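Those protein sequences? They're chains A and B, same order as listed. Numbered according to the working numbering, the first sequence spans residues 382 to 770. Numbered according to the working numbering, the second sequence spans residues 134 to 709. A virtual CB, placed ideally from N, CA and C, is assigned to each residue, including glycine. For clarity, every value in this text was computed on a predicted model and none was experimentally measured.
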Amino acid sequence: MSMTHQILAHTASQISALAAFAQTGAAEPTPPTFWMPVGASTISQGVDHTLDVINWICYVFFALVVVLMVWFVVKYRHRTGDKFRTDYPTHNTPLEITWSVIPTIIVIGIFVVGFRSYLDIYTAPKNAFDIKVTAQKWAWSFQYPNGAVSDDLYIPAGRPVRLVLRSSDVLHSLYIPDFRVKRDIVPGRYTYAWFQCDFPTGQPGKTPRDPNAKVVSGPEDDAQAHTLFCTEYCGTGHSKMNRYVYVLDEASFGQWMTDQSQWMDKIPEEELYFKAGPKIFARCQQCHSLDGTVGIGPSWKGIIERVKAYPIVGDGKEYGTWEDYIRTSILVPGKYVVPTYGNVMPSFKGQLNDKAIDAVLGYMQQLEKFDTKTGKLKAEFDPATGMKK
Amino acid sequence: MTTIQLPSPGALPDTIEGRPASDNYLTHTRGILSWIFTLDHKRIGVMYMWSVLGAFLLGGTFALLLRTELLTPGPTITDSADTYNQWFTLHGAIMVFLVIIPSIPAALGNIILPIMLGAKDVAFPRLNLFSYYLWVTGAVLCVVSLAMGGFDTGWTFYTPYSTTTTAGGVIPVLTAAFVLGFSSIFTGLNFIVTVHKLRPPGMTWFRMPLFLWAIYATAIIQVLATPVLGITLLLLIVERTVNIGIFNPSMGGDPVLYQHFFWFYSHPAVYIMILPAMGIISEIIAINSHRAIFGYRLIAFSSIAIAFFSFIVWGHHMFTSGQSALMNTLFSAISFSVAIPSAVKVFNWIATLYKGSVSLTTPMWYALSFLFLFTIGGLTGLHLATLSTDVHLHDTYFVVAHFHYVMMGSALIGMIGGLHHWWPKIFGRMYDERLGTIACWIIFIGFNVTFFTQFMLGSQGMPRRYYDYQPEFQVYHVISTIGSYIMAVGFTLTAISLFGSFFNGKKAPANPWGGRSLEWQCASPPPFDNFAKAPRVGDCYDFSVVHWDPKLGGYRVDESNDPEVNPAAQGTKAAH
Chain A
382 MSMTHQILAH TASQISALAA FAQTGAAEPT PPTFWMPVGA STISQGVDHT
432 LDVINWICYV FFALVVVLMV WFVVKYRHRT GDKFRTDYPT HNTPLEITWS
482 VIPTIIVIGI FVVGFRSYLD IYTAPKNAFD IKVTAQKWAW SFQYPNGAVS
532 DDLYIPAGRP VRLVLRSSDV LHSLYIPDFR VKRDIVPGRY TYAWFQCDFP
582 TGQPGKTPRD PNAKVVSGPE DDAQAHTLFC TEYCGTGHSK MNRYVYVLDE
632 ASFGQWMTDQ SQWMDKIPEE ELYFKAGPKI FARCQQCHSL DGTVGIGPSW
682 KGIIERVKAY PIVGDGKEYG TWEDYIRTSI LVPGKYVVPT YGNVMPSFKG
732 QLNDKAIDAV LGYMQQLEKF DTKTGKLKAE FDPATGMKK
Chain B
134 MTTIQLPSPG ALPDTIEGRP ASDNYLTHTR GILSWIFTLD HKRIGVMYMW
184 SVLGAFLLGG TFALLLRTEL LTPGPTITDS ADTYNQWFTL HGAIMVFLVI
234 IPSIPAALGN IILPIMLGAK DVAFPRLNLF SYYLWVTGAV LCVVSLAMGG
284 FDTGWTFYTP YSTTTTAGGV IPVLTAAFVL GFSSIFTGLN FIVTVHKLRP
334 PGMTWFRMPL FLWAIYATAI IQVLATPVLG ITLLLLIVER TVNIGIFNPS
384 MGGDPVLYQH FFWFYSHPAV YIMILPAMGI ISEIIAINSH RAIFGYRLIA
434 FSSIAIAFFS FIVWGHHMFT SGQSALMNTL FSAISFSVAI PSAVKVFNWI
484 ATLYKGSVSL TTPMWYALSF LFLFTIGGLT GLHLATLSTD VHLHDTYFVV
534 AHFHYVMMGS ALIGMIGGLH HWWPKIFGRM YDERLGTIAC WIIFIGFNVT
584 FFTQFMLGSQ GMPRRYYDYQ PEFQVYHVIS TIGSYIMAVG FTLTAISLFG
634 SFFNGKKAPA NPWGGRSLEW QCASPPPFDN FAKAPRVGDC YDFSVVHWDP
684 KLGGYRVDES NDPEVNPAAQ GTKAAH
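Below you can see the structure in the form of structure tokens.
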């Protein structure tokens with residue numbers, strides 16, 4: 382069968398599968414098994430089926446090899462000094478051809494099964510919903526068509542989603558085990574991943590997870606979120622580079638996206654630093670501390686004083702006000718690199734707008750109000766006004 | 134035809150060509166300089182062996198540190214992810230470049246290959262010594278790299294991480310891998326020429342022991358593939374120092390190009406590791422079954438087939454890299470073809486046990502472990518060659534488990550089996566076989582506890598190279614770590630049994646297992662120049678002329694009934 386034929390046949394089976402789905406409306410993700418985690422995407426059943434086929438072939442061959450091995454060793458056991466058997470065959474051409482040909486047929490079969498389910502993974506449907514993903518050491522940023530940005534991935538249920546993947550530094554790889562999806566993210570080119578999940582998970586609680594927790598804890602409410610990992614080694618924070626995927630029904634997803642794009646707009650300018658600041662800092666704290674600890678980048682503690690005691694960067698580097706310095710460092714990090722630190726910070730251009738940068742500046746000015754561990758407002762301050770209770 | 138009848142080893146005369154019969158390569162000359170400047174293949178092999186085992190101890194220590202760290206999510210014994218990253222990088226780099234690649238060819242191959250050929254030495258003894266000192270230079274550079282701040286790139290050195298990381302030891306370790314590559318190339322070159330030119334009269338290609346076929350196939354890969362690694366590493370060094378931009382996307386370079394270059398070597402390198410081990414297993418199984426190996430030609434051809442296929446499957450490491458779907462499909466299809474010669478070998482080994490006379494010696498236990506572990510390692514390769522399942526399993530612990538079954542469970546277990554097989558020949562001492570066998574069992578159990586668990590861990594979604602992990606994975610990690618401690622106990626017992634042979638081991642006979650190939654016809658340990666006279670080459674898998682001799686405590690080859698030796702005698706050989 383030619384490749385075109387296969388693809389056509391495959392498309393036909395796809396369509397009939399979709400029709401079947403429309404009628405029955407599968408109600409649940411496939412539950413976890415001994416080998417596989419929950420299967421929640423439209424491709425997961427195909428992948429799991431392929432895996433089952435291979436597993437059974439493996440069980441049979443493994444049993445065959447081990448049983449024969451043990452049987453022969455026991456049956457033909459030799460004690461030192463006994464006479465050797467001489468009635469053995471040295472070769473048997475028909476047998477040897479048989480055991481070369483049978484594995485050949487089997488692996489061709491496995492290849493075909495794997496190839497067919499691979500096409501499902503590879504080819505995104507035309508009507509897919511695009512989400513832009515930026516991976517950088519060691520954070521994810523998901524950008525939605527209306528301008529909303531989030532750290533966890535939110536997707537609409539029942540609709541194919543295509544992720545447009547981009548890295549701003551080194552190789553990363555996006556992996557969602559429950560969806561059976563993985564794709565490397567290569568700096569300097571776009572790569573894509575797609576999937577469709579039909580089962581809403583619910584939304585997480587309003588309080589973000591503790592970014593400084595020693596252990597990556599689960600979602601804080603009952604939402605059955607799926608985990609998203611980075612699977613291409615990318616340095617210090619590689620194992621912390623995991624977030625959650627929330628699947629929302631079509632209506633709540635639209636609402637969520639609108640709220641998310643406007644979350645800062647509703648905050649008055651003077652409240653930005655304590656309402657938006659801690660949330661933004663959560664993305665900075667992999668490299669910058671609040672307590673003076675030297676990290677991948679300089680600590681924010683005393684940063685304003687250091688900048689004002691001009692110049693904190695190398696000879697001949699000029700900058701205007703301290704606000705200018707911080708702003709430039711966020712948008713064009715390579716411009717002023719503080720000596721002894723590497724030029725490793727990715728640019729946040731397009732991810733943090735002017736209002737967000739204002740929030741960061743305000744946050745830096747009022748650092749003493751925030752807990753140095755969590756980055757959140759200390760208990761003695763009122764979360765509504767930012768003033769001492 | 135006149136043939137030279139060797140005296141049976143038990144009845145060696147007191148002197149051979151004027152030298153005392155007790156003279157052997159270990160006692161022939163004395164003093165440290167006689168080792169440092171030796172050109173004797175056996176001494177070079179022994180130096181390789183101790184060096185590789187030393188590196189194995191170091192790499193194993195890092196493995197235990199890693200497993201201990203992973204006992205709990207978050208910090209366990211180090212609170213720095215960077216330290217953990219350096220550990221796994223060191224573990225991988227040491228085990229691949231300093232241990233497994235040189236272990237069988239350079240250590241055991243050097244000692245055994247010329248004797249198996251009935252030769253006095255390899256073709257180029259000076260090149261042989263040079264390649265050993267290149268290995269030493271590589272090892273020293275690894276230590277230098279540690280002193281300069283270590284490296285955290287992973288043993289794969291993927292760009293752009295490896296060209297931008299601030300760790301100070303990256304260039305020294307790249308240089309180390311480059312130098313070690315040349316050590317490997319020279320060893321391979323030496324063996325190719327030796328096998329072509331120094332085979333004795335009568336040893337046609339299809340009369341070579343299968344270990345020689347395996348080493349020969351390996352040597353071809355070493356010579357053809359390793360230069361690509363050399364060039365790639367040089368480019369990486371240049372990229373890191375003067376930023377030429379060949380791999381750097383911000384200068385128009387391509388990080389995926391690096392992956393192609395790297396795997397073009399490193400996939401064949403997997404077969405540099407496994408093929409020699411397969412050769413050892415063929416020897417051990419045939420000799421301990423005391424019968425002709427089943428399907429000799431098919432095993433020999435499958436070694437060459439594996440060497441050939443090894444060059445055209447590298448893209449299966451890159452199914453998720455953004456490589457085109459067509460390329461992925463082709464590489465997937467070709468990768469499956471490696472399964473066939475591998476399966477054929479396993480079936481032939483099993484068939485060799487059939488109607489054999491199976492002696493359960495310590496080396497044989499290792500060979501049986503190999504069969505068990507290699508079958509798992511090989512079969513799980515199917516999951517990874519299959520496109521759709523590989524997407525899910527790539528870069529998870531499933532891959533980690535798979536390649537440990539192949540590289541450790543097969544290549545390294547084969548190496549340890551070979552060490553036990555030839556130890557009496559190399560040092561002239563028998564080790565405690567009971568202890569050796571118990572140790573083999575403990576390693577086998579520990580290995581499966583450690584790595585089988587990792588298949589589940591990976592298919593459940595645990596990515597590799599993670600310092601921290603989700604609490605739901607902890608059960609698997611704890612079991613895996615316990616397994617690694619069991620293995621550590623097993624290897625300690627192995628070391629006790631082998632080193633114990635120097636203190637209370639009884640003197641080894643020339644032929645303790647009943648082998649027929651030429652190395653069993655010279656004394657244990659071999660004399661300085663191996664054979665006083667060119668030995669007669671028989672059929673190395675015809676064991677009908679091998680007899681147990683209680684007086685020797687070993688086996689004796691009696692060819693007087695062989696029509697090739699004594700035309701008057703009626704052949705009692707099993708018909709071919």
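Query                                                                                                                                   : Result
Where residue 558(B) falls, given that 16 or more other Cβ within 10 Å makes a residue buried                                           : buried
is_contact[residue 427(A), chain B] using C-beta, thresh 8 angstroms                                                                    : yes
Cβ neighbours of residue 182(B) in the same chain (closer than 7 angstroms, five flanking residues each side left out)                  : 240
Spatial distance of residue 485(B) from residue 645(B) (CA atoms)                                                                       : 20 angstroms
8 angstroms Cβ cutoff, residue 589(B) in contact with chain A                                                                           : yes
Status (buried if at least 16 other CB within 10 Å, exposed otherwise) for residue 639(A)                                               : exposed
Contacts of residue 593(B) in chain A (Cβ-Cβ under 8 angstroms)                                                                         : 413, 416, 417, 418 and 558
Close beta carbons around residue 769(A), own chain, < 7 angstroms, minus the five adjacent residues each side                          : 761 and 762
Where the beta strand (DSSP E) through residue 523(A) begins and ends                                                                   : 520 to 524
Burial state of residue 382(B), where buried means 16 or more other Cβ atoms lie within 10 Å                                            : buried
Length of the line joining the Cα atoms of residue 765(A) and residue 524(A)                                                            : 28 angstroms
Limits of the alpha helix (DSSP H) - the one that residue 687(B) falls within                                                           : It is not in any alpha helix (DSSP H) - residue 687(B) instead sits in the beta strand (DSSP E) that spans 687 to 690.
In DSSP terms, what residue 573(A) is bridged to                                                                                        : 545(A)
Within-8 angstroms CB hit, residue 211(B) to chain A                                                                                    : no
For residue 426(A): DSSP bridge partner residues                                                                                        : DSSP lists no partner for residue 426(A).
Proximity to residue 497(A) [Cα-Cα], best of 618(A), 534(A) and 428(A)                                                                  : 428(A)
CA nearest to the CA of residue 751(A), picked from 728(A), 659(A), 422(A) and 714(A)                                                   : 659(A)
Backbone secondary structure at residue 426(B) - three-state DSSP                                                                       : coil
Whole-angstrom distance between residue 307(B) and residue 370(B), CA atom to CA atom                                                   : 7 angstroms
DSSP state of residue 497(A) mapped onto helix, strand, coil                                                                            : helix
8 angstroms Cβ cutoff met for residue 302(B) and residue 278(B)                                                                         : yes
Other residues of its chain near residue 384(A): CB distance less than 7 angstroms, five sequence neighbours each side excluded         : For residue 384(A), the predicted model reports a pLDDT of 49, less than 50, meaning its position is unreliable; a value from the coordinates is still stated below. For residue 384(A), where only same-chain residues beyond five positions count, there are no Cβ hits under 7 angstroms.
Rounded C-alpha distance that separates residue 244(B) from residue 621(B)                                                              : 27 angstroms
Proximity to residue 421(A) [Cα-Cα], best of 572(A), 707(A), 460(A) and 560(A)                                                          : 560(A)
Sufficient close CB pairs (3 or more, under 8 angstroms) joining the segment 515 to 528 of chain B to the segment 413 to 422 of chain B : no
Under 8 angstroms from the C-beta of residue 619(A): neighbouring residues of chain B                                                   : 214, 218, 598, 599 and 600
Residue environment, residue 452(A), which counts as buried when at least 16 other CB atoms sit within 10 Å                             : exposed
Chain B contacts made by the segment 555 to 581 of chain A, where a contact means CB separation under 8 angstroms                       : 556, 558, 559, 561, 562, 563, 564, 565, 567, 568, 569, 570 and 572
The ligand SAM heavy atom lying under 7 angstroms from the CB of residue 399(B)                                                         : Ligands in the displayed structure: none, and consequently the ligand SAM is not present.
Any chain B beta carbon closer than 8 angstroms to residue 484(A)                                                                       : yes
Where the alpha helix (DSSP H) through residue 259(B) begins and ends                                                                   : 258 to 280
Backbone secondary structure at residue 681(B) - three-state DSSP                                                                       : strand
Counterpart residues of residue 536(A) in DSSP-defined beta bridges                                                                     : 628(A)
Three-state secondary structure (DSSP) of residue 665(A)                                                                                : coil
Any chain B beta carbon closer than 8 angstroms to residue 439(A)                                                                       : yes
6 angstroms CB neighbourhood of residue 437(B) in its chain, flanking five on each side removed                                         : 350
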